[in-house]
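Participant: Please find one structure pasted underneath; my questions will follow.
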Amino acid sequence: MHSSSRLFPVALVSAELRGDLTEDVYRLKPNNSPDPSVELALTRLGLPGREQRGAPVILVHGSFSNRRFWYSPRAIGLGPYLARAGFDVWIPEMRGHGLSPRNLDYSRNSVAAYARFDLPAIAAFVVEQGGQAPHWIGHSLGGTSLAAALGGGYLAPEQVASVALFGSQVSRDYWALKLPPVVWSGRFLLKRMGVIPGPRLRRGPEDEPIGLALEALRWYGLFGRFGERGNDWWAGLAEVRAPVLAVSAEGDRQDPPWACRKLFEQFGSEVREYLCLGRRQGFSENFGHVEMLVSKAAQREVWPQVLHWLERQALPLQANGAGGAAQGG
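In the working numbering, each number is its position in the sequence shown, counted from 1, plus 43.
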(Lines of atoms letter the chains of each structure in order from A and count residues from 1; the text may use other names and numbers.)
(Lines give C-alpha, C1' and ligand atoms only; values in the text may rest on other atoms or scores of the structure.)
Protein backbone atom coordinates (compact mmCIF):
# COMPACT_ATOMS: atom_id res chain seq x y z
CA MET A 1 0.00 0.00 0.00
CA HIS A 2 1.29 3.46 -0.91
CA SER A 3 1.46 5.72 2.14
CA SER A 4 0.43 9.37 1.98
CA SER A 5 3.25 10.22 4.40
CA ARG A 6 6.95 9.62 4.86
CA LEU A 7 6.49 9.69 8.65
CA PHE A 8 4.40 6.54 9.16
CA PRO A 9 1.71 4.58 7.26
CA VAL A 10 -1.16 6.81 6.18
CA ALA A 11 -3.98 5.71 3.89
CA LEU A 12 -6.31 8.04 2.00
CA VAL A 13 -9.54 6.10 2.53
CA SER A 14 -11.93 8.48 0.73
CA ALA A 15 -11.92 11.67 -1.32
CA GLU A 16 -15.34 13.22 -1.92
CA LEU A 17 -17.10 16.43 -2.82
CA ARG A 18 -19.49 17.52 -0.08
CA GLY A 19 -21.47 20.35 -1.64
CA ASP A 20 -19.01 23.17 -2.18
CA LEU A 21 -16.25 21.49 -0.16
CA THR A 22 -13.69 18.75 -0.68
CA GLU A 23 -13.55 16.06 2.00
CA ASP A 24 -10.50 13.81 2.25
CA VAL A 25 -10.42 11.18 4.99
CA TYR A 26 -7.07 9.73 6.03
CA ARG A 27 -6.29 6.90 8.41
CA LEU A 28 -3.03 7.30 10.31
CA LYS A 29 -1.11 4.44 11.92
CA PRO A 30 1.62 6.24 13.89
CA ASN A 31 3.08 3.16 15.65
CA ASN A 32 4.37 5.44 18.40
CA SER A 33 2.52 4.11 21.46
CA PRO A 34 2.61 0.86 23.48
CA ASP A 35 -0.56 -0.26 21.68
CA PRO A 36 0.47 -0.89 18.03
CA SER A 37 -3.17 -1.29 16.93
CA VAL A 38 -3.96 2.45 17.28
CA GLU A 39 -5.27 4.04 14.08
CA LEU A 40 -6.61 7.58 13.85
CA ALA A 41 -9.08 8.97 11.31
CA LEU A 42 -8.34 12.50 10.12
CA THR A 43 -10.76 14.45 7.90
CA ARG A 44 -9.49 17.33 5.77
CA LEU A 45 -11.85 20.00 4.46
CA GLY A 46 -11.07 22.53 1.75
CA LEU A 47 -12.33 24.38 -1.29
CA PRO A 48 -12.13 22.63 -4.69
CA GLY A 49 -9.84 24.05 -7.34
CA ARG A 50 -7.42 25.70 -4.93
CA GLU A 51 -3.81 24.73 -5.57
CA GLN A 52 -2.56 26.41 -2.41
CA ARG A 53 -4.41 25.99 0.86
CA GLY A 54 -4.52 28.47 3.70
CA ALA A 55 -3.16 28.09 7.23
CA PRO A 56 -4.00 24.73 8.82
CA VAL A 57 -6.50 24.51 11.69
CA ILE A 58 -6.97 21.32 13.72
CA LEU A 59 -10.33 20.87 15.50
CA VAL A 60 -10.29 18.44 18.45
CA HIS A 61 -13.65 17.13 19.68
CA GLY A 62 -14.60 16.52 23.30
CA SER A 63 -15.85 13.47 25.16
CA PHE A 64 -18.71 11.31 23.84
CA SER A 65 -18.26 13.01 20.46
CA ASN A 66 -16.70 12.71 17.01
CA ARG A 67 -16.05 14.81 13.90
CA ARG A 68 -19.75 15.61 13.54
CA PHE A 69 -19.45 18.09 16.40
CA TRP A 70 -17.53 20.29 13.96
CA TYR A 71 -18.99 19.16 10.66
CA SER A 72 -22.56 17.97 10.04
CA PRO A 73 -23.51 15.67 7.15
CA ARG A 74 -25.00 18.77 5.50
CA ALA A 75 -21.60 20.51 5.70
CA ILE A 76 -22.67 22.91 8.44
CA GLY A 77 -20.44 23.67 11.40
CA LEU A 78 -17.35 25.55 12.45
CA GLY A 79 -15.20 23.26 10.28
CA PRO A 80 -16.95 24.10 6.99
CA TYR A 81 -17.19 27.77 8.04
CA LEU A 82 -13.41 28.00 8.44
CA ALA A 83 -12.78 26.00 5.25
CA ARG A 84 -14.96 28.42 3.29
CA ALA A 85 -12.93 31.26 4.80
CA GLY A 86 -9.84 29.73 3.20
CA PHE A 87 -8.34 27.73 6.06
CA ASP A 88 -6.98 24.20 5.66
CA VAL A 89 -9.24 22.40 8.15
CA TRP A 90 -8.32 19.08 9.79
CA ILE A 91 -10.67 17.16 12.08
CA PRO A 92 -9.20 14.16 13.95
CA GLU A 93 -11.31 11.55 15.69
CA MET A 94 -9.73 10.14 18.80
CA ARG A 95 -9.16 6.44 19.43
CA GLY A 96 -12.39 4.48 19.03
CA HIS A 97 -14.48 7.52 18.00
CA GLY A 98 -16.22 8.03 14.69
CA LEU A 99 -14.13 6.60 11.85
CA SER A 100 -11.22 5.71 14.15
CA PRO A 101 -11.43 2.00 15.04
CA ARG A 102 -11.25 0.84 18.64
CA ASN A 103 -7.71 -0.14 19.51
CA LEU A 104 -6.93 -3.38 21.32
CA ASP A 105 -6.29 -1.64 24.63
CA TYR A 106 -9.29 0.67 24.20
CA SER A 107 -10.43 0.54 27.84
CA ARG A 108 -7.12 2.08 28.98
CA ASN A 109 -7.19 5.03 26.60
CA SER A 110 -6.55 8.28 28.43
CA VAL A 111 -5.77 11.97 28.04
CA ALA A 112 -2.14 11.05 28.72
CA ALA A 113 -2.15 8.77 25.66
CA TYR A 114 -3.84 11.40 23.50
CA ALA A 115 -1.37 14.06 24.62
CA ARG A 116 1.81 12.00 24.45
CA PHE A 117 1.18 9.95 21.30
CA ASP A 118 -1.85 10.93 19.22
CA LEU A 119 -1.83 14.72 19.07
CA PRO A 120 1.92 14.89 18.22
CA ALA A 121 1.40 12.35 15.40
CA ILE A 122 -1.52 14.36 14.03
CA ALA A 123 0.56 17.55 14.26
CA ALA A 124 3.51 15.96 12.46
CA PHE A 125 1.33 14.77 9.57
CA VAL A 126 -0.48 18.11 9.18
CA VAL A 127 2.82 20.02 9.19
CA GLU A 128 4.23 17.57 6.64
CA GLN A 129 1.24 18.08 4.34
CA GLY A 130 0.95 21.85 4.62
CA GLY A 131 4.41 23.04 5.60
CA GLN A 132 3.00 25.33 8.30
CA ALA A 133 2.41 25.19 12.04
CA PRO A 134 -1.29 24.54 12.67
CA HIS A 135 -3.72 26.46 14.81
CA TRP A 136 -5.49 24.22 17.34
CA ILE A 137 -9.07 24.47 18.60
CA GLY A 138 -10.33 22.09 21.27
CA HIS A 139 -13.73 21.72 22.91
CA SER A 140 -14.15 20.35 26.44
CA LEU A 141 -11.99 17.20 26.75
CA GLY A 142 -10.39 18.11 23.42
CA GLY A 143 -9.16 21.35 24.96
CA THR A 144 -8.05 19.52 28.09
CA SER A 145 -6.04 17.11 25.93
CA LEU A 146 -4.42 20.05 24.16
CA ALA A 147 -3.52 21.61 27.51
CA ALA A 148 -1.98 18.30 28.58
CA ALA A 149 0.05 18.05 25.37
CA LEU A 150 1.28 21.63 25.75
CA GLY A 151 1.96 21.45 29.48
CA GLY A 152 3.64 18.06 29.09
CA GLY A 153 5.90 19.36 26.33
CA TYR A 154 4.61 16.82 23.80
CA LEU A 155 3.73 19.38 21.13
CA ALA A 156 6.79 21.24 19.84
CA PRO A 157 6.64 25.04 19.38
CA GLU A 158 6.88 24.60 15.60
CA GLN A 159 3.71 22.48 15.74
CA VAL A 160 1.53 25.14 17.38
CA ALA A 161 0.69 28.49 15.76
CA SER A 162 -1.98 29.19 18.39
CA VAL A 163 -4.41 27.32 20.64
CA ALA A 164 -8.08 28.01 21.48
CA LEU A 165 -9.81 26.18 24.33
CA PHE A 166 -13.62 26.10 24.51
CA GLY A 167 -15.28 24.97 27.74
CA SER A 168 -12.09 23.34 29.05
CA GLN A 169 -10.99 23.23 32.69
CA VAL A 170 -9.29 20.99 35.25
CA SER A 171 -9.97 22.91 38.49
CA ARG A 172 -13.56 22.17 39.43
CA ASP A 173 -13.67 20.59 42.89
CA TYR A 174 -15.50 17.33 43.51
CA TRP A 175 -15.24 17.02 47.26
CA ALA A 176 -16.54 13.44 47.33
CA LEU A 177 -13.47 12.40 45.33
CA LYS A 178 -11.25 13.57 48.19
CA LEU A 179 -12.61 10.66 50.25
CA PRO A 180 -10.64 7.43 49.68
CA PRO A 181 -13.65 5.09 50.13
CA VAL A 182 -15.53 6.96 47.41
CA VAL A 183 -12.55 6.71 45.06
CA TRP A 184 -12.09 3.00 45.77
CA SER A 185 -15.78 2.33 45.10
CA GLY A 186 -15.65 4.39 41.93
CA ARG A 187 -12.67 2.47 40.60
CA PHE A 188 -14.35 -0.83 41.37
CA LEU A 189 -17.56 0.12 39.56
CA LEU A 190 -15.75 1.59 36.56
CA LYS A 191 -13.65 -1.52 36.05
CA ARG A 192 -16.80 -3.64 36.01
CA MET A 193 -18.42 -1.38 33.39
CA GLY A 194 -15.71 -1.65 30.74
CA VAL A 195 -16.94 1.44 28.88
CA ILE A 196 -18.94 4.54 29.73
CA PRO A 197 -21.99 4.37 27.41
CA GLY A 198 -22.54 7.84 25.96
CA PRO A 199 -25.81 7.14 24.08
CA ARG A 200 -27.35 5.28 27.03
CA LEU A 201 -26.44 8.10 29.43
CA ARG A 202 -27.56 10.71 26.86
CA ARG A 203 -24.15 12.34 26.91
CA GLY A 204 -23.45 12.02 23.20
CA PRO A 205 -23.18 9.64 20.25
CA GLU A 206 -19.98 7.89 21.38
CA ASP A 207 -18.89 5.70 24.28
CA GLU A 208 -15.81 6.56 26.32
CA PRO A 209 -13.17 4.20 27.75
CA ILE A 210 -13.00 3.79 31.52
CA GLY A 211 -9.35 4.85 31.36
CA LEU A 212 -10.47 8.47 31.05
CA ALA A 213 -12.64 8.23 34.16
CA LEU A 214 -9.92 6.46 36.17
CA GLU A 215 -7.50 9.20 35.13
CA ALA A 216 -9.95 11.89 36.27
CA LEU A 217 -10.25 10.17 39.65
CA ARG A 218 -6.49 10.65 40.05
CA TRP A 219 -6.62 14.31 39.01
CA TYR A 220 -9.44 15.22 41.38
CA GLY A 221 -8.40 12.96 44.26
CA LEU A 222 -7.01 14.06 47.62
CA PHE A 223 -3.45 14.57 46.39
CA GLY A 224 -4.27 14.74 42.70
CA ARG A 225 -2.82 17.06 40.10
CA PHE A 226 -3.17 17.69 36.39
CA GLY A 227 -0.37 15.52 35.07
CA GLU A 228 1.16 12.08 35.18
CA ARG A 229 3.99 10.48 37.07
CA GLY A 230 7.14 12.52 36.56
CA ASN A 231 5.43 15.19 34.42
CA ASP A 232 3.41 18.03 35.97
CA TRP A 233 1.31 19.33 33.09
CA TRP A 234 -0.11 22.17 35.19
CA ALA A 235 3.33 23.54 35.98
CA GLY A 236 4.38 23.06 32.36
CA LEU A 237 1.63 25.37 31.11
CA ALA A 238 3.52 28.31 32.60
CA GLU A 239 6.27 27.63 30.04
CA VAL A 240 3.94 27.71 27.02
CA ARG A 241 4.50 30.69 24.73
CA ALA A 242 2.00 30.03 21.92
CA PRO A 243 -0.89 32.52 21.66
CA VAL A 244 -3.88 31.22 23.61
CA LEU A 245 -7.60 31.95 23.55
CA ALA A 246 -9.89 30.57 26.25
CA VAL A 247 -13.67 30.69 25.83
CA SER A 248 -16.19 29.87 28.52
CA ALA A 249 -19.99 30.05 28.57
CA GLU A 250 -22.14 31.71 31.21
CA GLY A 251 -24.68 28.90 31.06
CA ASP A 252 -22.13 26.06 31.18
CA ARG A 253 -22.79 23.97 34.29
CA GLN A 254 -20.26 21.28 33.36
CA ASP A 255 -17.20 23.51 32.94
CA PRO A 256 -18.02 26.82 34.65
CA PRO A 257 -16.38 30.11 33.60
CA TRP A 258 -14.28 30.53 36.75
CA ALA A 259 -12.61 27.15 36.20
CA CYS A 260 -12.01 27.81 32.49
CA ARG A 261 -10.46 31.14 33.40
CA LYS A 262 -8.16 29.49 35.94
CA LEU A 263 -6.78 27.18 33.25
CA PHE A 264 -6.33 30.16 30.93
CA GLU A 265 -4.41 32.12 33.56
CA GLN A 266 -1.93 29.27 34.04
CA PHE A 267 -0.56 29.72 30.50
CA GLY A 268 2.65 31.70 30.21
CA SER A 269 1.73 33.07 26.78
CA GLU A 270 2.26 36.78 26.22
CA VAL A 271 -0.51 36.88 23.59
CA ARG A 272 -3.70 35.63 25.15
CA GLU A 273 -7.40 36.42 25.25
CA TYR A 274 -10.29 35.29 27.45
CA LEU A 275 -13.91 35.41 26.33
CA CYS A 276 -17.06 34.58 28.29
CA LEU A 277 -20.26 34.04 26.32
CA GLY A 278 -23.21 35.50 28.18
CA ARG A 279 -25.76 38.28 28.27
CA ARG A 280 -23.71 40.25 30.77
CA GLN A 281 -20.89 40.29 28.24
CA GLY A 282 -23.09 41.61 25.43
CA PHE A 283 -24.14 38.33 23.77
CA SER A 284 -27.71 37.40 22.94
CA GLU A 285 -27.91 34.56 25.46
CA ASN A 286 -26.09 32.68 28.17
CA PHE A 287 -24.51 29.99 26.01
CA GLY A 288 -24.24 26.41 27.22
CA HIS A 289 -21.46 23.84 27.02
CA VAL A 290 -22.39 22.58 23.55
CA GLU A 291 -24.29 25.64 22.34
CA MET A 292 -21.14 27.76 22.57
CA LEU A 293 -20.08 26.18 19.26
CA VAL A 294 -23.09 24.29 17.91
CA SER A 295 -26.14 26.55 17.61
CA LYS A 296 -27.55 29.22 15.34
CA ALA A 297 -26.53 31.85 17.88
CA ALA A 298 -22.96 30.51 17.87
CA GLN A 299 -22.94 30.69 14.08
CA ARG A 300 -23.87 34.39 14.26
CA GLU A 301 -21.89 35.48 17.31
CA VAL A 302 -19.09 33.04 18.09
CA TRP A 303 -17.76 31.74 14.78
CA PRO A 304 -16.78 35.25 13.59
CA GLN A 305 -14.86 35.69 16.85
CA VAL A 306 -12.96 32.47 16.11
CA LEU A 307 -12.20 33.59 12.56
CA HIS A 308 -10.88 36.95 13.79
CA TRP A 309 -8.69 35.17 16.36
CA LEU A 310 -7.19 32.84 13.77
CA GLU A 311 -6.45 35.68 11.39
CA ARG A 312 -5.00 38.13 13.94
CA GLN A 313 -4.43 36.36 17.29
CA ALA A 314 -6.80 38.89 18.79
CA LEU A 315 -10.52 39.32 19.27
CA PRO A 316 -12.58 42.03 17.52
CA LEU A 317 -12.53 45.45 19.15
CA GLN A 318 -16.30 45.42 19.45
CA ALA A 319 -16.04 42.27 21.59
CA ASN A 320 -13.64 44.01 23.96
CA GLY A 321 -16.15 46.80 24.33
CA ALA A 322 -19.19 44.60 24.91
CA GLY A 323 -19.35 44.60 28.67
CA GLY A 324 -15.90 43.08 29.07
CA ALA A 325 -16.60 40.11 26.83
CA ALA A 326 -12.95 39.72 25.92
CA GLN A 327 -10.00 40.44 28.13
CA GLY A 328 -6.36 40.21 27.35
CA GLY A 329 -3.99 38.45 29.70
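No residue lacks a Cβ here, since even glycine has one placed at the ideal position from N, Cα and C.
Inspect the beta-carbon positions of Trp346 and Leu121 and report whether they are closer than 8 angstroms.
Facilitator: The residue labelled residue 346 in the question sits at position 303 within the sequence shown. The residue labelled residue 121 in the question sits at position 78 within the sequence shown. Against a cut-off of 8 angstroms, the Cβ pair of Leu121 and Trp346 comes out as a contact.
Participant: So His182 is in the beta strand (DSSP E); what residue range does that whole segment cover?
Facilitator: Numbered from its first residue, the sequence shown carries residue 182 at position 139. Judged by DSSP secondary structure, His182 falls within the beta strand (DSSP E) whose first and last residues are 178–182.
Participant: Report all residues from its chain with a CB closer than 6 angstroms to the CB of Met44; omit the five preceding and five following residues, and keep chain order.
Facilitator: Counting from one through the sequence shown, the residue named residue 44 turns up at place 1. Because the pLDDT at Met44 is just 49, under 50, the model does not fix this residue reliably, and the value given afterwards should be weighed accordingly. Excluding positions up to five away in sequence, the list is empty.
Participant: When the Cα atoms are used, what is the spatial distance from Val333 to Leu55?
Facilitator: As a first step, residue 333 must be located in the sequence shown, where it is residue number 290. As a first step, residue 55 must be located in the sequence shown, where it is residue number 12. Rounded to the nearest angstrom, the two C-alpha atoms are 31 angstroms apart.
Participant: According to DSSP, is Ile134 part of a helix, a strand, or is it coil?
Facilitator: For the purposes of this step, residue 134 is taken as residue 91 along the sequence shown, with counting starting at 1. Of the three classes helix, strand and coil, the one that applies to Ile134 here is strand, per DSSP.
Participant: Tell me which same chain residues have a C-beta within less than 7 angstroms of the C-beta of Gln356, skipping the five on either side of it?
Facilitator: Taking the first residue of the sequence shown as position 1, residue 356 is located at position 313. Around Gln356: Ser205, Pro286, Val314.
Participant: Tell me which same chain residues have a C-beta within less than 6 angstroms of the C-beta of Glu201, skipping the five on either side of it?
Facilitator: By 1-based counting over the sequence shown, the position of residue 201 is 158. Ala176.
Participant: Using only the alpha-carbon positions, how far apart do Arg379 and Ser291 sit?
Facilitator: Nothing can be reported for residue 379: it is not among the residues displayed for the chain, which extend from 44 to 372.
Participant: In chain order, what residues of the same chain lie with their CB nearer than 6 angstroms to the CB of Leu222, ignoring the 5 residues before and after it?
Facilitator: Your numbering for residue 222 matches position 179 in the sequence shown. Note that Leu222 scores 49 on pLDDT, short of 50, meaning its location in the model is unreliable and no value can be drawn from it.
Participant: Thinking C-alpha only, which one of Ser76, Ser115, Ala118, His104 is nearest Arg151?
Facilitator: For the purposes of this step, residue 151 is taken as residue 108 along the sequence shown, with counting starting at 1. If we check each option's Cα against that of Arg151, Ser76 comes out closest.
Participant: Have a look at Asn274, Pro52, Val100, Tyr263 and flag the residue whose alpha-carbon is nearest the alpha-carbon of Gly174.
Facilitator: In the sequence shown, the residue the question calls residue 174 occupies position 131. The residue with the shortest Cα to Cα distance from Gly174 is Val100.
Participant: What is the residue span of the beta strand (DSSP E) that Pro99 lies within?
Facilitator: Translated into positions along the sequence shown, residue 99 becomes position 56. Counting along the chain, the beta strand (DSSP E) containing Pro99 begins and ends at 99–103.
Participant: On the DSSP bridge assignment, give the partners of Asp250 in chain order.
Facilitator: The residue labelled residue 250 in the question sits at position 207 within the sequence shown. DSSP, once it has assigned bridges, lists no residue as partnering Asp250.
Participant: If you compare alpha carbons, which of Gly141, Ser57, Gly294, Ala155 is closest to Leu257?
Facilitator: Position 214 of the sequence shown, counted from the first residue, corresponds to residue 257. The shortest C-alpha separation from Leu257 is found at Ala155.
Participant: Would you report the Cα separation of Tyr317 and Glu66, rounded to the nearest angstrom?
Facilitator: Taking the sequence shown and counting its residues from 1, the one referred to as residue 317 is at position 274. Taking the sequence shown and counting its residues from 1, the one referred to as residue 66 is at position 23. Those two C-alpha atoms are separated by around 32 angstroms.
Participant: Around the C-beta of Gly62, are 16 or more other C-beta atoms found within 10 angstroms, so that it is buried, or is it exposed?
Facilitator: In the sequence shown, the residue the question calls residue 62 occupies position 19. Label assigned to Gly62: exposed.
Participant: Find the nearest neighbour of Leu85 within the set Asn109, Gly97, Leu64, judged by alpha-carbon distance.
Facilitator: For the purposes of this step, residue 85 is taken as the residue at position 42 of the sequence shown. Nearest option by C-alpha distance: Asn109.
Participant: Using 10 angstroms around the beta-carbon of Gly210, count the other beta-carbons present and answer buried if the total reaches 16, otherwise exposed.
Facilitator: Here residue 210 refers to the residue found at position 167 of the sequence shown. Counting Cβ neighbours within 10 Å, Gly210 comes out buried, since at least 16 surround it.
Participant: Tell me which residues share the same chain as Ser46 and place their Cβ nearer than 6 angstroms to its Cβ, disregarding the 5 neighbours each side in the sequence.
Facilitator: In the sequence shown, the residue the question calls residue 46 occupies position 3. Excluding residues within five positions, the ones whose Cβ falls inside 6 angstroms are Pro52, Val53.
Participant: When the Cα atoms are used, what is the spatial distance from Pro135 to Glu354?
Facilitator: Position 92 of the sequence shown, counted from the first residue, corresponds to residue 135. Position 311 of the sequence shown, counted from the first residue, corresponds to residue 354. Rounded to whole angstroms, Pro135 to Glu354 spans 22 angstroms at the Cα level.
Participant: Note down, in chain order, each residue of its chain lying with its Cβ closer than 7 angstroms to the Cβ of Gly237, except the 5 sequence neighbours on either side.
Facilitator: Within the sequence shown, the letter at position 194 stands for residue 237. If we look at Gly237 and ignore the five residues flanking it on each side, its Cβ neighbours are Ser150, Ile253.
Participant: Below 8 angstroms CB to CB, which residues in the same chain sit around Arg159 once its five sequence neighbours on both sides are set aside?
Facilitator: Numbered from 1 along the sequence shown, position 116 holds the residue referred to as residue 159. For Arg159, where only same-chain residues beyond five positions count, the Cβ hits under 8 angstroms are Ser76, Ala192, Gly195, Tyr197.
Participant: So, is Leu60 buried or exposed, given that buried needs 16 or more other C-beta atoms within 10 angstroms?
Facilitator: Locating residue 60 in the sequence shown gives position 17, counting from the first residue. When all chains shown are included, Leu60 counts as exposed.
Participant: Over the uninterrupted beta strand (DSSP E) stretch that includes Leu320, give me the two end residues.
Facilitator: Locating residue 320 in the sequence shown gives position 277, counting from the first residue. Note, Leu320: beta strand (DSSP E), 315–320.
Participant: Kindly identify the DSSP beta-bridge partner or partners of Phe209.
Facilitator: Position 166 of the sequence shown, counting from 1, holds the residue named residue 209. The partner list for Phe209 (beta bridge, DSSP) reads His182, Val290.
Participant: Answer with buried or exposed for Leu138, where buried requires no fewer than 16 other C-beta atoms within 10 angstroms of its C-beta.
Facilitator: What you label residue 138 is simply residue 95 of the sequence shown in a count that begins at 1. Reading the sequence as shown, one finds Arg at residue 138 and not Leu. So Arg138 counts as buried.
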